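Remarks on the structure that follows.
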Amino acid sequence: MLFHTYERNGAPLLGLRKFAVLVVISCLIALGITLVSLGIGTLGYGYLAPCLWLDALHNAAMILAGMGPVIEIKTGAGKLFSTIYALYCGIVYLAVMGILMAPFYHRMLHHFHLERGTCENT
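In terms of numbering that gives the first Met the number 0, the sequence shown has 105 at position 106, counting the first letter as 1, and numbering is strictly consecutive.
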């Protein structure tokens with residue numbers, strides 16, 4: 000999968016084209032996780048904190064982006080969901096940032112461990 004495309008210890012540094020593919024794959028994985036999380040939040044707010052679907056989507060997006068809730072939640076189930084979803088979104092944010100930054104950090108660290116003259120030209 001994704002981790003098989005990273006360079007192994009002692010392997011030459013990936014060329015820019017292969018590195019760009021790795022970055023695109025990381026972005027797609029991060030986007031997928033974000034969209035699934037947004038869907039979970041929209042469904043949760045739509046069913047447990049009864050509101051319009053557009054308001055549920057807006058509230059889920061704002062929580063996921065770290066901006067805070069938009070609508071007032073009046074049901075106990077909605078408040079419990081909102082609490083759990085906010086904690087979940089904090090973890091998702093850290094995971095997505097790690098996935099997005101991993102190719103850059105790995106390339107930088109791999110570059111520091113290379114011997115001179117082992118860079119791939121493709």
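From the three backbone atoms N, C-alpha and C, an ideal C-beta is built for every residue, glycine too. It should be emphasised that the depicted structure is a prediction, and the values quoted were computed from it without experimental measurement.
Query, Result
"Quick check on DSSP: helix, strand or coil for L13?", "coil"
"What's the call for N58, buried or exposed, on a 16-neighbour Cβ count within 10 Å?", "buried"
"Are the segment 47-56 and the segment 92-100 in contact at 8 Å, needing three or more beta carbon pairs?", "no"
"Taking its Cβ as the centre, do 16 or more other Cβ atoms sit within 10 Å of I83, making it buried, or is it exposed?", "exposed"
"Output the distance between the C-alpha atoms of N8 and G38, rounded to the nearest integer angstrom.", "39 Å"
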